[in-house]
Structure formats: structure tokens, C-alpha cells
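**Q** Below is the structure I would like to discuss, written out as C-alpha cells.
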Amino acid sequence: MKVVKRNDFWFPSIFDEFFTENRLDVPNYENFSKPAVNISENIATFVVDLAVPGLKKEHFAIEIEKDVLKVSSNFAPKRDSADTKNNNQFTRKEFSYGKFTRTFTLPETVRVEDIKAEYTDGILSITLPKKEVQEEVKKMVEIS
482 MKVVKRNDFW FPSIFDEFFT ENRLDVPNYE NFSKPAVNIS ENIATFVVDL AVPGLKKEHF
542 AIEIEKDVLK VSSNFAPKRD SADTKNNNQF TRKEFSYGKF TRTFTLPETV RVEDIKAEYT
602 DGILSITLPK KEVQEEVKKM VEIS
């Protein structure tokens, strides 16, 4: 399974690998709010886990179109500079929950109709079952 990379910059994506950014001081937090992803594979399934704490299952949209899995969220909380509940002013605020979209190219071996998703303890887990591979039977032909 491959991650589909989108490059909206003027420079090729090769520069993205060499120059890392300090995400704590970036004025635009778009890149900071993309969730981390783990992809694992066993005999029967692929599992895509996204770390998205603080959201609810209603905030996610999972779409499949032309062998591309698209996971997105349009949740955008208020960007207050103060905590109104406790009357606190933030000196620094690093919790970032925002809109994101992650796309993955699905292999041909995935049964798209049986994909399931589950959200537990801040982890969105998407299970992609594999098709059963039928081995071709070897047949011997007698020469008459």
C-alpha cells in the first residue's frame, strides 16, 4: 500500500525530505494537524491506524474511489487565545485539531466492499481485508 503524496509547493518533493521544519513555531498549522499513520499487514488484512485524539467518529469521512482510500475530517474548533472555562490566557498552544485529508492507493488485492472502520481511544483504525488468492491447479496432460 502506498501513500499518495500531494506536492503543492513550487519545489520538487525531494527537498521536503532534506529540510525539516520546526513545527512548533510555524504560523500556519496546516502541516502540523495531519495525523500520524501506521500501516500494518498480516495474512488476511491491511490495517491503517490514524492517531487522531480529541475527535469523535462523526468528524471523519472515509471514501473509496478508483482504488484510492481518502480519510478526511472537517472538524475546525474555535481558535481562542483564552480558556474561557478557567479564565486562563495561553502563552503557547500546541494542541492542534483541524481539518485534514490523507489519501492512500489501495492494492488490487483489497476487497473494497468489506472495508471496516473503528474509532477507539483516539485511534481511527481502518481494516482492509484481502481477497483470497486462488492458486492455479497444475494439470498434467498425457500425450497419446
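In our numbering, the protein residues as written are 482 to 625. Every residue gets a Cβ at the ideal spot worked out from N, C-alpha and C, and that includes glycine.
With a 10 Å radius around its C-beta and 16 neighbouring C-beta atoms as the bar for buried, classify N503 as buried or exposed.
**A** The pLDDT assigned to N503 is 49, lower than 50, so where the model puts this residue is not dependable, and the model offers no usable value.
**Q** Based on the DSSP output, what are the partners of K597 in its beta bridges?
**A** K597 is bridged to T608.
**Q** Could you have a look at K620 and say whether DSSP puts it in helix, strand or coil?
**A** If DSSP states are grouped into helix, strand and coil, K620 belongs with coil.
**Q** Reducing DSSP to helix, strand and coil, say where E589 ends up.
**A** In the structure shown, E589 sits in coil (DSSP, three-state: anything other than H, G, I, E or B).
**Q** With H, G and I counted as helix, E and B as strand and the rest as coil, what does DSSP make of E613?
**A** E613: coil per DSSP, three-state reduction.
**Q** Please state the DSSP three-state secondary structure of K551.
**A** In this structure, K551 counts as strand in the three-state DSSP scheme.
**Q** Taking the Cβ atom as the reference point for each residue, do T586 and D548 lie within a distance shorter than 8 Å?
**A** In contact: T586 and D548 (Cβ atoms closer than 8 Å).
**Q** So, are the CB atoms of S554 and F571 less than 8 Å apart?
**A** Their beta carbons are not under 8 Å apart, which means S554 does not touch F571 by this criterion.
**Q** For the beta strand (DSSP E) containing F541, name the first residue and the last one.
**A** Residues 541-546.
**Q** Go ahead and label I607 buried or exposed: buried means 16 or more other beta carbons lie within 10 angstroms of its beta carbon, across all protein chains shown.
**A** By the 10 Å Cβ count, I607 comes out buried.
**Q** Can you tell me where the beta strand (DSSP E) holding N568 begins and where it ends?
**A** Where N568 is concerned, there is no enclosing beta strand (DSSP E), given that its DSSP letter is neither H nor E.
**Q** What are the residues that DSSP puts in a beta bridge with D602?
**A** Partner(s): none; D602 has no beta bridge.
**Q** With S521 as the anchor, note down where its beta strand (DSSP E) starts and where it stops.
**A** Looking at the DSSP string, the run of the beta strand (DSSP E) that includes S521 is 518-522.
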